[in-house]
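Below is one structure, written out as structure tokens; comments come after it.
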Amino acid sequence: MNVFGGINGARAASRFSLIGVGALAVTVLPTPALAEVSGETEYVFNSLLFLLTGMVVMFMAAGFCMLEAGMVRSKNAATICLKNISLYAIAGLMFWVMGYNLMYGVAEGGIFGVIAMWSASDPMLASGEFESGSYASGSDWFFQMVFCATTASIVSGTLAERMKLWPFLLFVVVLTGVIYPIQGAWEWGGGWLDANFGFSDFAGSTLVHSVGGWAALMGALFLGARNGKYDARGRVNPMPGSSLPLATLGTFILWLGWFGFNGGSQLALGTAGNAVDVSTIFINTNMGAAAGVVAAIVATQLLYGKVDLTMALNGALAGLVSITAEPLTPSIPMAALIGGVGGLLVVLLVPLLDRLKIDDVVGAIPVHLGAGIWGTLAVPLTNHGTFGSGDPTFLGQIVGILAIGGFVCASSALVWGAMKYTFGIRVSAEDELDGLDYSELGLEAYPEFVRS
Amino acid sequence: MNVFGGINGARAASRFSLIGVGALAVTVLPTPALAEVSGETEYVFNSLLFLLTGMVVMFMAAGFCMLEAGMVRSKNAATICLKNISLYAIAGLMFWVMGYNLMYGVAEGGIFGVIAMWSASDPMLASGEFESGSYASGSDWFFQMVFCATTASIVSGTLAERMKLWPFLLFVVVLTGVIYPIQGAWEWGGGWLDANFGFSDFAGSTLVHSVGGWAALMGALFLGARNGKYDARGRVNPMPGSSLPLATLGTFILWLGWFGFNGGSQLALGTAGNAVDVSTIFINTNMGAAAGVVAAIVATQLLYGKVDLTMALNGALAGLVSITAEPLTPSIPMAALIGGVGGLLVVLLVPLLDRLKIDDVVGAIPVHLGAGIWGTLAVPLTNHGTFGSGDPTFLGQIVGILAIGGFVCASSALVWGAMKYTFGIRVSAEDELDGLDYSELGLEAYPEFVRS
Amino acid sequence: MNVFGGINGARAASRFSLIGVGALAVTVLPTPALAEVSGETEYVFNSLLFLLTGMVVMFMAAGFCMLEAGMVRSKNAATICLKNISLYAIAGLMFWVMGYNLMYGVAEGGIFGVIAMWSASDPMLASGEFESGSYASGSDWFFQMVFCATTASIVSGTLAERMKLWPFLLFVVVLTGVIYPIQGAWEWGGGWLDANFGFSDFAGSTLVHSVGGWAALMGALFLGARNGKYDARGRVNPMPGSSLPLATLGTFILWLGWFGFNGGSQLALGTAGNAVDVSTIFINTNMGAAAGVVAAIVATQLLYGKVDLTMALNGALAGLVSITAEPLTPSIPMAALIGGVGGLLVVLLVPLLDRLKIDDVVGAIPVHLGAGIWGTLAVPLTNHGTFGSGDPTFLGQIVGILAIGGFVCASSALVWGAMKYTFGIRVSAEDELDGLDYSELGLEAYPEFVRS
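Chains as they are written, first to last, in my numbering: chain A, -1 to 450; chain B, -1 to 450; chain C, -1 to 450.
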């Protein structure tokens, strides 16, 4: 179905005539011909890695949606579904309009010139010379886009059950178009955090997860807790989620997606060395999550005398977030340790947030911010160098955490505040009581089931 | 589905003659071996593309099932689940029994000789000479089969809540074994629409989605609306779906599957050029869906003062259907425009169908037929040629839409009518009131939850 | 995001210098250099097959979870979710601690030396010489781990609604760390069943599915039926599942995962021949499931006058289990026959188990044990040799079924019994009546929906 037949034909011709040349030259210098073939195979393998792992990361949007739909009360389940599918759509559009270029250099055609960055006009196609590690720029664009969307998915859960629809979507526009790309540029865009401080974040414990967590925390502060969540004496009134099976499904989908999230962040599959590394990343990612689950169920059993399913789910996610900053260098036991500490963290941070009356409906702040910071700090445990040499160090990691945290808190607070003191971000107390499905959408998620 | 088979053939030929030149120039040198290695690597890449994308397209059967189970009332949810898993099973069997050969040529052993078409007896395996663009025929068979099943999945939703089980499954037998393959042969089978009119449908806006839509429309006309859906004055009595979270999950699964649906339709991943094209297809597919969601939520907000989640979900699907006829040549903004118009179409077509008292339980007709026609007409916007030259034109697209629409309407009407006037296709009014789960299956989808 | 940039660079350098060396040799003997390139491409393809199919097999954990959550009553749905995510986590940890080495040879560093088995210290990376069929050992480790987890997933469903949480998890520790690996070593570890009896089990009808089935059967016998399931006269009191749509979703997820389960068991994708075989396996796997569905719905219609959705779902799974022992050699019609018989078996075995008062909540014993035995016996129908020659024979298959069945029954009974007569494995009658969600977890899966 390649409608560019002619062009490809030309491409192919020039390429293979080049091989011909290489072949003619073989007697003297055969390497080009060999390297070339290998180079194009690498190019396809690398692009395939982005496309395959990008697909499963995209599916994480469904995972967040099911997790959140299961953790909110049924009167808000349809609204959270709408927010999740809308934020994924907006993230894709904004990352095209400006996000990608803001993050990876505005050289090509300015901030809004992203189109040029993934077009088929890949000089390597014309030349037939494929550098090792190269890939279709569109496959990378797709992979980076789903990371941007993941950041927005993290925010929706914390703010569920009392946040207006359109102000939330407006925040997503700014987060995915401006805030995420700017801080991302500091590190993955080859910016100053990377260059000057050796800050290291393999797949985004800080750049993706803590960014979502900081933005959610700011939102929770400006938005306030759900009515009735905390009484005058600060006692917590539990508001259990409407469908734990859906929340569990969402967690499994996120666990699946994380293989793509961390594995794809190797950015290459074109050599045996890359295949070995991606395999190691898969194992460590799974071990981090597994240890997070076990740590959470053991801790809740010991602390509360009962295992809490929602803690087990968040333990898995915290383990995944923790191993995301460095899934390649840890040994299996170290990966399990890093993930296990993450799972334990969540069990301790959830009640702490409640004590602070910070109302996080799904526990996204402990999972993505808490474990995100821990995972970032854990990088030098297995991948350490000297400060200033460009290698990761504890000091460099702290610099990155503070710089990105400060920027995201300030910029998010600006947006939340500006909206709060103009058109407002919170529904009325009456609408909150009725549920957002009724007040915002005029429908019900489960219209037939009688509610207690 | 390669509508440029000839051109590709030519391309391969010219390319290999070029290699020949190179080879001649090398004489004692390894170029023939080089070509062979490259050929076999391509063969594996191409087969892998079919297997990987075929898997996610297969998963679309689960997406349709969840979408429909969430959009029907709970008293019919188990029946729609049974219909969905059964139709996927039947499609696989019928496409083997006769579908594939009807579609791709009965040369090999007649209509029922499909076995020969995917057997391991690939001459290239013996010769070791792998042509560029070649693949394991079984991987292609699997990919084509899941497309056939998708067509059947589209029909079940429209006809839910009043259609008998066995007559529906019988229709699926004819649709997947005869109707779908015959019209498919006209285009992807290298038939007359392709050859004479330059009709172009990259991944099936018309060949898959509008075919399902036309068959569903005919079924809806023969079946009639659900009792009580429209009152004497034609006013619509809404019958809201039982679980919008499941409907949302289904939509996300379909969105995921669409990367396979459109990306796999490139039919090759063996060269850097293919990797670039598949990447472009992934981005445009996502952009079409994203714009469809945004168009739908903005339109419902403006038209009705509230955002409708089910419209947002159908907006995503309409965007995906719209970009399916040509996901490769549009630029990102054009892909977003095509998808956005699709999303808008659904918002306008759903009430129109109600005005016509055509009862479509899940909105499959607006999404798959409406957006399918739009997407097919949009192909020449970015991929235009002169009529008669084999290139796509608006005239050629209209010819294809009418030819396939006419054939599918006539053949479907014949089957629906023949069943209606013999053993009947609709359950009794009493059974419909009790719900098909009780009357057809003797069980309940949610036996414990008290219904209002 | 690759923090190993430098090292990879070095690796790439050394590799390309090696190619250089090969290239220098080209003038006289080019083949080594060629074989090398091809060898590394194979290495990547084979590793990618394990990673891709391992991901979808991992997702089967979600499939089992949804199937079981939908088949239990809502008062036990959260507990079965917790058991499913916990067992997957434990399986991963135990397969690392000792399982993998017990199964594939303790040579390297003893039972607990598994780390060495998948480390990046692959001699082929240093040498640059990649044997045909080689792969990253970590990718294989990941693939084998998810198989181990699948075995544990099978057990949880049968024992739902009355089994204590911690004793179940303790059983999972022994099953995944000791029982599964030991019997697995007899065959896939290149053990005596394989060597002496030509026992053949391509992807695990016996080694995975019947092992889970035997363990579940022993558990059911020690645990006893749910209170009220069978009355004094042995009449069955049906206890319908709480959400058939979730059960259907789980079945679709398992169907999807099975392409990875059987396809990945080819263990290689590096050659055109492998691509052809994996394609054949995909088709046969799908045909087995499809025939299982059709057989089950037709049989229930004829036997009971109504189609039973849960039988259709189990028919699909039984078809999949049946074709798992040999998905490569059967023709399509033979694959359909094998799967169809499996689907029929389930329809007959479910009532038989009830007559024996063996209470299997989800039908895992008929599906995984019944169809697992059938599928294993069916191998010689299409892949037969002479006994003693190392080829599959009916006698050899029976030896394997009995040896593994005997070992798993004995070892499982030991563990179940030891637990039963010490701290107990069953909740109190009162806790069972209240539901395990309340008594074991202190929460509800669906807290808002009023239950009848």
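No residue lacks a Cβ here, since even glycine has one placed at the ideal position from N, Cα and C.
Please list, in chain order, the residues of the region 339 to 360 of chain C that have any C-beta partner in chain A closer than 9 Å.
none
Taking contact to mean 3 or more Cβ pairs, one atom from each stretch, closer than 8 Å, check whether the region 75 to 83 of chain C and the region 278 to 285 of chain C are in contact.
no
Which runs of the alpha helix (DSSP H), 4 residues or longer, sit entirely within the region 42 to 97 of chain A?
75 to 92
List the residues of chain B whose Cβ lies closer than 9 Å to the Cβ of Arg449 (chain C), in chain order.
For the purposes of this step, residue 449 (chain C) is taken as residue 451 along the third sequence, with counting starting at 1. Neighbours of Arg449 (chain C) on chain B, chain order: Glu446, Phe447 and Val448.
Determine, using beta carbons only, whether Ala416 (chain B) and Met216 (chain B) come nearer to each other than 8 Å.
Position 418 of the second sequence holds residue 416 (chain B). Position 218 of the second sequence holds residue 216 (chain B). No, these two residues do not count as a Cβ contact at 8 Å.
Checking contacts by CB at 8 Å: is Phe250 (chain B) closer than that to chain A?
As a first step, residue 250 (chain B) is located in the second sequence; it is residue number 252 there, counting from the start. Answer yes: the Cβ-Cβ gap between Phe250 (chain B) and chain A drops below 8 Å somewhere.
Using CA atoms only, rank isn't needed, just tell me which of C:Leu311, C:Tyr419 and C:Asp192 is closest to Pro390 (chain C).
Looking up residue 390 (chain C) in the third sequence gives position 392. Closest by C-alpha distance to Pro390 (chain C), out of C:Leu311, C:Tyr419 and C:Asp192, is C:Asp192.
Considering only C-alpha positions, which residue in the set B:His366, B:Thr51, B:Gln181 and B:Ala223 is nearest to Ser409 (chain B)?
Looking up residue 409 (chain B) in the second sequence gives position 411. Out of B:His366, B:Thr51, B:Gln181 and B:Ala223, B:Gln181 has the C-alpha closest to the C-alpha of Ser409 (chain B).
From the DSSP output, which residues share a beta bridge with Arg449 (chain A)?
Indexing the first sequence from 1 puts residue 449 (chain A) at position 451. As computed with DSSP, Arg449 (chain A) is found in a beta bridge with C:Phe447.
Could you name the residues of the region 57 to 77 of chain A whose beta carbon sits closer than 7 Å to any beta carbon of chain B, in the order they occur along the chain?
Phe57, Ala59, Ala60, Cys63, Met64, Ala67, Ala75 and Ala76
Would you mind giving the Cβ-Cβ distance between Val377 (chain B) and Glu324 (chain B), rounded to the nearest angstrom? I have them listed as a contact below 8 Å.
Taking the second sequence and counting its residues from 1, one reaches residue 377 (chain B) at position 379. Taking the second sequence and counting its residues from 1, one reaches residue 324 (chain B) at position 326. About 4 Å; that satisfies the 8 Å criterion.
Are the region 54 to 68 of chain B and the region 254 to 261 of chain B touching, with three or more C-beta to C-beta distances below 8 Å?
yes
Can you list the alpha helix (DSSP H) stretches of 4 or more residues lying completely in the region 368 to 419 of chain A, in chain order?
369 to 380 and 392 to 418
Should Val305 (chain B) and Gly341 (chain B) be called a contact, given that it needs their Cβ atoms to be closer than 8 Å?
Locating residue 305 (chain B) in the second sequence gives position 307, counting from the first residue. Locating residue 341 (chain B) in the second sequence gives position 343, counting from the first residue. No, the Cβ-Cβ distance between Val305 (chain B) and Gly341 (chain B) is not below 8 Å.
How far does the alpha helix (DSSP H) with Ala275 (chain A) in it reach, from first residue to last?
What you label residue 275 (chain A) is simply residue 277 of the first sequence in a count that begins at 1. The question names Ala, yet the displayed sequence has Asp at residue 275 (chain A). Ala270 to Tyr302 is the extent of the alpha helix (DSSP H) around Asp275 (chain A).
For Tyr86 (chain B), is the classification buried or exposed, using 16 other Cβ atoms within 10 angstroms of its Cβ as the cut-off for buried?
The count along the second sequence starts at 1 and reaches residue 86 (chain B) at position 88. So Tyr86 (chain B) ends up on the buried side.
Reducing DSSP to helix, strand and coil, say where Met161 (chain A) ends up.
Numbered from 1 along the first sequence, position 163 holds the residue referred to as residue 161 (chain A). Of the three classes helix, strand and coil, the one that applies to Met161 (chain A) here is strand, per DSSP.
Here's a check: name, in chain order, each residue in its chain whose Cβ is nearer than 6 Å to the Cβ of Asp138 (chain C), leaving out the five neighbours to either side.
Mapped onto the third sequence, residue 138 (chain C) falls at position 140. Closer than 6 Å at Cβ, skipping near neighbours: Phe48.
Confirm, please, whether the CB-CB distance from Lys355 (chain C) to Gly239 (chain C) is below 8 Å.
Position 241 of the third sequence holds residue 239 (chain C). Position 357 of the third sequence holds residue 355 (chain C). No, the Cβ-Cβ distance between Gly239 (chain C) and Lys355 (chain C) is not below 8 Å.
Quick check on DSSP: helix, strand or coil for Tyr228 (chain C)?
Your numbering for residue 228 (chain C) matches position 230 in the third sequence. Strand at Tyr228 (chain C).
What is the DSSP secondary structure of Arg353 (chain B), counted as helix, strand or coil?
Residue mapping note: residue 353 (chain B) aligns to position 355 of the second sequence, counting from 1. Note: Arg353 (chain B) maps to helix in three-state DSSP.
What does the alpha-carbon distance come out to for the pair Phe141 (chain A) and Asp275 (chain B)?
Taking the first residue of the first sequence as position 1, residue 141 (chain A) is located at position 143. Taking the first residue of the second sequence as position 1, residue 275 (chain B) is located at position 277. Their Cα atoms are separated by approximately 15 Å.
Would you mind reading off the limits of the alpha helix (DSSP H) that contains Ala193 (chain B)?
Here residue 193 (chain B) is taken as the residue at index 195 of the second sequence, counted from 1. Element bounds for Ala193 (chain B): Trp190 to Phe195.
DSSP puts Arg424 (chain B) in a beta bridge; with which residues?
Residue numbering aside, residue 424 (chain B) sits at position 426 when the second sequence is read from its first letter. Beta-bridge pairing links Arg424 (chain B) to B:Met161.
From Tyr436 (chain B) to Val234 (chain C), what distance separates their C-alpha atoms?
Taking the first residue of the second sequence as 1, we reach residue 436 (chain B) at position 438. Taking the first residue of the third sequence as 1, we reach residue 234 (chain C) at position 236. Distance between the alpha carbons of Tyr436 (chain B) and Val234 (chain C) is about 20 Å.
Which chain A residues sit within Cβ distance under 7 Å of Ile281 (chain B)?
Within the second sequence, residue 281 (chain B) is the residue found at index 283, counting from 1. What Ile281 (chain B) touches in chain A: Trp116, Gly136, Trp139 and Phe140.
What would DSSP say about Val206 (chain A), mapped onto helix, strand or coil?
Sequence index remark: in the first sequence, residue 206 (chain A) carries index 208 (1-based). Correct three-state label for Val206 (chain A): helix.
Name the residue from A:Met332, A:Leu80, A:Ser320 and A:Arg160 whose alpha carbon lies nearest to the alpha carbon of Ser208 (chain A).
Stepping through the first sequence from its first residue, residue 208 (chain A) is reached at position 210. Among A:Met332, A:Leu80, A:Ser320 and A:Arg160, the Cα nearest to that of Ser208 (chain A) is on A:Ser320.
If you check the beta carbons only, do Val344 (chain B) and Met309 (chain B) fall under 8 Å apart?
Taking the first residue of the second sequence as 1, we reach residue 344 (chain B) at position 346. Taking the first residue of the second sequence as 1, we reach residue 309 (chain B) at position 311. Yes, they are a contact pair.
Can you check which of these residues, B:Asp358, B:Gly103 and B:Ser130, is closest to Gly37 (chain B) by C-alpha distance?
As a working mapping, residue 37 (chain B) is identified with position 39 in the second sequence. Out of B:Asp358, B:Gly103 and B:Ser130, B:Ser130 has the C-alpha closest to the C-alpha of Gly37 (chain B).
For Lys418 (chain A), which residues from the same chain have a beta carbon less than 6 Å from its beta carbon, with the 5 sequence-adjacent residues on both sides left out?
Position 420 of the first sequence, counting from 1, holds the residue named residue 418 (chain A). Taking Lys418 (chain A) as the centre and dropping the five residues before and after it, the same chain places the C-beta of Phe220 closer than 6 Å to its C-beta, in chain order.
With distances taken Cα to Cα, identify the nearest neighbour of Ser198 (chain C) among C:Ile399, C:Arg224 and C:Ile152.
For the purposes of this step, residue 198 (chain C) is taken as residue 200 along the third sequence, with counting starting at 1. Nearest of C:Ile399, C:Arg224 and C:Ile152 to Ser198 (chain C), Cα basis: C:Ile399.
Strictly under 8 Å for the Cβ-Cβ distance: is Asp429 (chain C) near chain A by that measure?
Indexing the third sequence from 1 puts residue 429 (chain C) at position 431. Not closer than 8 Å to any Cβ of chain A, the Cβ of Asp429 (chain C) fails to qualify, so no.
Could one say the Cβ of Cys146 (chain A) lies closer than 8 Å to chain B's Cβ atoms, at least one of them?
One-based indexing of the first sequence puts residue 146 (chain A) at position 148. No, Cys146 (chain A) does not count as interfacial toward chain B.
Smallest Cα separation from Cys63 (chain A): which of A:Val153, A:Ala230, A:Gly313 and A:Phe421?
For the purposes of this step, residue 63 (chain A) is taken as residue 65 along the first sequence, with counting starting at 1. Looking at the Cα atoms, A:Val153 is the closest of the given residues.
Per DSSP, what kind of secondary structure is Val234 (chain B) in: helix, strand or coil?
Counting from one through the second sequence, the residue named residue 234 (chain B) turns up at place 236. In this structure, Val234 (chain B) counts as strand in the three-state DSSP scheme.
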